[in-house]
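S.K.:
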Amino acid sequence: MNDTFKHSYKVEHFEYVGLAVYNCGIQKCEEGHSWGPAVRDHYLIHYILSGKGSYETGGQRYELTAGDGFLAFPSTVIHYRADGADPWEYSWVGFNGTEAERLVKLAGLSQDKPIFHCPLESPLAANLASIFDATGSRVSDEIRMRGRLMEFLSTLIEYCGANETQRDTGTGRRYIEKALRFIQYNYFHSISVGDIADSVGISRSHLYRLFIEHLSMSPNEYLTRFRIDEACVLLRSQGLSVSEAAFSSGFSDQLYFSRVFKRYKGVPPSKYALDK
Numbered sequence: 001m002n003d004t005f006k007h008s009y010k011v012e013h014f015e016y017v018g019l020a021v022y023n024c025g026i027q028k029c030e031e032g033h034s035w036g037p038a039v040r041d042h043y044l045i046h047y048i049l050s051g052k053g054s055y056e057t058g059g060q061r062y063e064l065t066a067g068d069g070f071l072a073f074p075s076t077v078i079h080y081r082a083d084g085a086d087p088w089e090y091s092w093v094g095f096n097g098t099e100a101e102r103l104v105k106l107a108g109l110s111q112d113k114p115i116f117h118c119p120l121e122s123p124l125a126a127n128l129a130s131i132f133d134a135t136g137s138r139v140s141d142e143i144r145m146r147g148r149l150m151e152f153l154s155t156l157i158e159y160c161g162a163n164e165t166q167r168d169t170g171t172g173r174r175y176i177e178k179a180l181r182f183i184q185y186n187y188f189h190s191i192s193v194g195d196i197a198d199s200v201g202i203s204r205s206h207l208y209r210l211f212i213e214h215l216s217m218s219p220n221e222y223l224t225r226f227r228i229d230e231a232c233v234l235l236r237s238q239g240l241s242v243s244e245a246a247f248s249s250g251f252s253d254q255l256y257f258s259r260v261f262k263r264y265k266g267v268p269p270s271k272y273a274l275d276k
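For the record, in the sequence shown the residue sitting at position 268 is 268 according to the UniProt record's numbering, with numbers rising by one throughout.
Take a look at the structure:
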């Protein structure tokens, strides 16, 4: 009797640049089932629930069993295979965004250390299952998946991350975190990059260098993307008009808002609001 199975979900559109679920699922593999060698365009974490298998990346091969997990980095060649006699069952979640790299580092994972172990009695498996339970095509579903992804990552950080004194608490990272909080709490006001820099206590040029280093985009780019993401939620979930969504997300000019929105989303905000 073949008791293998696979339940999975793949997101077709992504509205959030900070952190977004790309796919998730659970699979009981056939003997010797494999994937790759190939690359992904996002971060992908597998957590093994039972059985055994191997994971290869960066010229290293890891033999893994229940309670172990592995992380695939974007644009990195990986290959994983279920054991020929005791094939593994695993859950997974794929994700990406400007916050993804920081959260992965807080979990103690890197290209040199893509493996972790988390006890099966931990909440990790339940966290992954809850992401799959929240899947759907509505904006509210995407927000719910993102929240449950954060819960999963917080569990991973709690059980597998570096000690607080060992984490990346450098001055640059602290400035970035303060800047992101300021944007989150004030994006709907008419704030500028200068206001963000002032709230952090550094110059605009220093802020720019830190954003490029840590987020690979300028402060103005991040602020604009954040505002557009919030406008998407207002247009679809709250049913606001284009002008209401524009002003509520920090744009003082509706025409400018519409141009920027179309550049990022590919459609005008009026059409986006109708495509629910």
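Built from N, CA and C at the ideal position, the CB exists for glycine as well. Computed from a predicted model, the values in this text were never measured in an experiment.
Looking at the structure shown, is G32 part of a helix, part of a strand, or coil, going by DSSP?
M.R.: Note: G32 maps to coil in three-state DSSP.
S.K.: Determine the closest residue to Y55 out of Y22, R236, H7 and K113, with distance taken between C-alpha atoms.
M.R.: That would be K113, whose Cα lies nearest to the Cα of Y55.
S.K.: Between which residues of its own chain and L64 is the CB-CB distance below 8 Å, once the five residues before and five after are set aside?
M.R.: Correct list, in chain order: I48, K52, G53, S54, Y55, F70, W88 and I115.
S.K.: H214 lies in the alpha helix (DSSP H); which residues open and close that run?
M.R.: That run of the alpha helix (DSSP H) goes R204 to L215.
S.K.: Classify A85: buried if its beta carbon has 16 or more other beta carbons within 10 angstroms, exposed otherwise.
M.R.: Classification of A85: exposed, given that the 10 Å Cβ count is below 16.
S.K.: In chain order, which continuous runs of the beta strand (DSSP E) of length 3 or greater are located wholly inside the segment 92–128?
M.R.: Taking only runs of at least 3 residues, the beta strand (DSSP E) segments lying wholly in the segment 92–128 are 115–117.
S.K.: Quick one: what's got a C-beta closer than 8 Å to P37's C-beta in the same chain, skipping five residues either side?
M.R.: Cβ within range, chain order: E56, V77, I78 and H79.
S.K.: Here's the rule I'm using: 16 or more other beta-carbon atoms within 10 Å means buried, otherwise exposed. How should V267 be labelled?
M.R.: With fewer than 16 other Cβ atoms within 10 Å, it is exposed.
S.K.: A85 by DSSP, collapsed to three states: which one?
M.R.: Reduced to three states, the DSSP call for A85 is coil.
S.K.: Of the choices I196, M150, S190 and A129, whose alpha-carbon is the least far from that of F182?
M.R.: The candidate whose alpha carbon is nearest that of F182 is I196.
S.K.: Tell me the rounded alpha-carbon separation between R81 and E31.
M.R.: Between R81 and E31, the C-alpha separation is close to 9 Å.
S.K.: Which residue wins for smallest C-alpha separation from L156, given the options M217, I191 and H46?
M.R.: Ranking the options by Cα distance to L156, first place goes to H46.
S.K.: Does the separation of the CB atoms of F73 and V21 fall below 8 Å?
M.R.: Contact: no.
S.K.: Three or more beta-carbon pairs under 8 Å between the segment 143–153 and the segment 92–107, yes or no?
M.R.: They touch, by the three-pair rule.
S.K.: Going by CA-CA distance only, name the one from A129, Y43, G59 and K271 that's closest to A100.
M.R.: Comparing Cα-Cα distances from A100 to each of A129, Y43, G59 and K271, the minimum goes to Y43.
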